[in-house]
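Structure record follows, encoded as structure tokens.
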Amino acid sequence: MANRMAQLIQPDGHCVFMPIDHGYFLGPTRNLVEPGKTVEPLLPYADAVFATRGVVRSSLNPAATKPIILRVSGGTSTVGADLANEGITTAIEDAIRLNVAALGISVFIGTEYERQSLLNVGKLVDAGEKYGIPVMAVTAVGKELEKRDARYLALCCRIAAELGARVVKTYWCDDGFDKVVAGCPVPVVMAGGPQADTELEVLDFVHDGMQNGAIGINLGRNVWQSEHPVPMMRALRHIVHESGSVAEAQEVYATAKAEDATLSAASV
Ligand code: 5RP
Numbered sequence: 317m318a319n320r321m322a323q324l325i326q327p328d329g330h331c332v333f334m335p336i337d338h339g340y341f342l343g344p345t346r347n348l349v350e351p352g353k354t355v356e357p358l359l360p361y362a363d364a365v366f367a368t369r370g371v372v373r374s375s376l377n378p379a380a381t382k383p384i385i386l387r388v389s390g391g392t393s394t395v396g397a398d399l400a401n402e403g404i405t406t407a408i409e410d411a412i413r414l415n416v417a418a419l420g421i422s423v424f425i426g427t428e429y430e431r432q433s434l435l436n437v438g439k440l441v442d443a444g445e446k447y448g449i450p451v452m453a454v455t456a457v458g459k460e461l462e463k464r465d466a467r468y469l470a471l472c473c474r475i476a477a478e479l480g481a482r483v484v485k486t487y488w489c490d491d492g493f494d495k496v497v498a499g500c501p502v503p504v505v506m507a508g509g510p511q512a513d514t515e516l517e518v519l520d521f522v523h524d525g526m527q528n529g530a531i532g533i534n535l536g537r538n539v540w541q542s543e544h545p546v547p548m549m550r551a552l553r554h555i556v557h558e559s560g561s562v563a564e565a566q567e568v569y570a571t572a573k574a575e576d577a578t579l580s581a582a583s584v
């Protein structure tokens, strides 16, 4: 367990995860139509990749040593009846066979399927603990983005941790994210949600979240749907791992963008 946690959380206590699991309910979403291609240039800047077994098998190089957080909940889609009605989709034996560093599962608190998703966490934690595999719980809000307030997120994170999750992934909020983190006895990482209007908005909230106790990020769409995914990833990494300011991160972004442009021009 300690070895796997150390693969996820770096010696500085922080982490940058790269989620490419979205296809499990969104299908081939924008810029993630070919997950292997999307993730390849980003991998050097990621501490771990969050993906389903289907994508791990089909699209990730088995010779690569990047730790994998295996998404093991699902069974719903954006066109189905209710996104919250998830089950566990992957046996622990398959997770072991894939040599994953962690398991990821969503909880849907406040929905009709709250109990089911929480009991799923309990079952998954039981299976994971037996083999030393940590569980990362994802506090999902489905389509109800307005649910992202501190009171609700604090409730979700605490419950997930009480059920045995070793890491909790949740959304940043602007009305007391410090309280969300303070009420959660295990490390909290931030998700991004749908693409923001500007890159600056993302750098701002990630910086604020880090200042208020998050240990890192698990940002997908705001990286790989950005016009400049690698520069965005490098800028975010600067905030998370170098304690960079937003202004510094913007500089990293601008420099990386210029490097990208030079590389593209040279390869034409
Ligand atoms: C999807 C997930 C994603 O890993 C999570 O939402 C992070 O990705 P994004 O930053 O695009 O929201 O759990 O179910």
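Numbering (our numbering), first residue to last: 317 to 584. Just so you know, even glycine gets a beta-carbon here, dropped at the ideal spot from N, CA and C. Here the structure is a predicted model, which means the values were calculated and not measured.
Mapping DSSP to helix, strand and coil, what is residue i?
i, result
"Val457", "coil"
"Tyr429", "coil"
"Lys485", "strand"
"Asp449", "At residue 449 the sequence reads Ile, which differs from the Asp that was named. Residue state, collapsed to three classes: coil."
"Val505", "strand"
"Ile385", "strand"
"Gly339", "helix"
"Gly390", "strand"
"Asn377", "coil"
"Asp490", "coil"
"Thr345", "coil"
"Ala512", "coil"
"Gly396", "coil"
"Ser561", "coil"
Indicate, with yes or no, if the ligand 5RP has a heavy atom lying under 8 Å from the CB of residue i.
i, result
"Leu535", "yes"
"Pro501", "no"
"Ala572", "no"
"Pro510", "yes"
"Phe366", "yes"
"His523", "no"
"Ser542", "no"
"Lys485", "yes"
"Tyr447", "no"
"Gly343", "no"
"Pro335", "yes"
"Tyr429", "no"
"Tyr340", "yes"
"Met532", "The sequence given here has Gly at residue 532, not Met. It does not: the Cβ of Gly532 is nowhere closer than 8 Å to a heavy atom of the ligand 5RP."
"Arg553", "no"
"Asn377", "no"
"Asn528", "no"
"Ala507", "yes"
How many whole angstroms separate the CB atoms of residue i and residue j, which I take to be in contact at a CB cut-off of 8 Å?
i, j, result
"His554", "Ala565", "5 Å"
"Leu386", "Gly420", "7 Å"
"Val457", "Lys485", "Wrong, their Cβ atoms sit about 12 Å apart, outside the cutoff."
"Ile533", "Val332", "6 Å"
"Thr392", "Glu402", "6 Å"
"Val388", "Ile404", "6 Å"
Would you mind reading off the limits of the alpha helix (DSSP H) that contains residue i?
i, result
"Phe333", "Phe333 -> not in any alpha helix (DSSP H); beta strand (DSSP E) instead, spanning Cys331 to Pro335."
"Glu350", "Looking at the DSSP string, Glu350 is not in any alpha helix (DSSP H), and its letter there is neither H nor E."
"Ile555", "Pro545 to Glu558"
"Ile325", "First-last for Ile325: undefined, no H or E at that position."
"Glu402", "No alpha helix (DSSP H) holds Glu402; DSSP gives it neither H nor E."
"Asn538", "Arg537 to Trp540"
"Met526", "Glu515 to Gln527"
"Glu356", "Premise fails: Glu356 is in no alpha helix (DSSP H) and is neither H nor E."
"Ala476", "Ala466 to Glu478"
"Ala411", "Ile408 to Arg413"
What residue does the beta strand (DSSP E) around residue i start on, and which one ends it?
i, result
"Lys495", "Lys495 -> not in any beta strand (DSSP E); alpha helix (DSSP H) instead, spanning Phe493 to Ala498."
"Ser422", "Ala418 to Val423"
"Asn534", "Gly532 to Asn534"
"Val365", "Ala364 to Ala367"
Could you check whether the Cβ of residue i sits closer than 9 Å to any Cβ belonging to chain D?
i, result
"Val371", "Looking at the structure shown, chain D is missing, and only one protein chain is on hand."
Examine the ligand FAD and report whether any of its heavy atoms sits within less than 8 Å of the Cβ of residue i.
i, result
"Gly396", "As far as ligands go, the structure on display features the ligand 5RP and does not contain the ligand FAD."
Next item on the list: Answer yes if the stretch 324-331 comes into contact with the stretch 370-379, meaning at least three C-beta pairs across the two stretches below 8 Å, and no otherwise.
Entry: No contact exists between the stretch 370-379 and the stretch 324-331.
Notebook entry, point to check: Would you call the stretch 529-541 and the stretch 565-574 touching, i.e. three or more CB-CB distances under 8 Å?
Noted result: Contact between the stretch 529-541 and the stretch 565-574 is not established, with fewer than three Cβ pairs separated by less than 8 Å.
Check: Taking contact to mean at least 3 C-beta pairs separated by less than 8 Å, is the stretch 492-508 in contact with the stretch 340-359?
Finding: With the cut-off at 8 Å, the stretch 492-508 and the stretch 340-359 do not touch.
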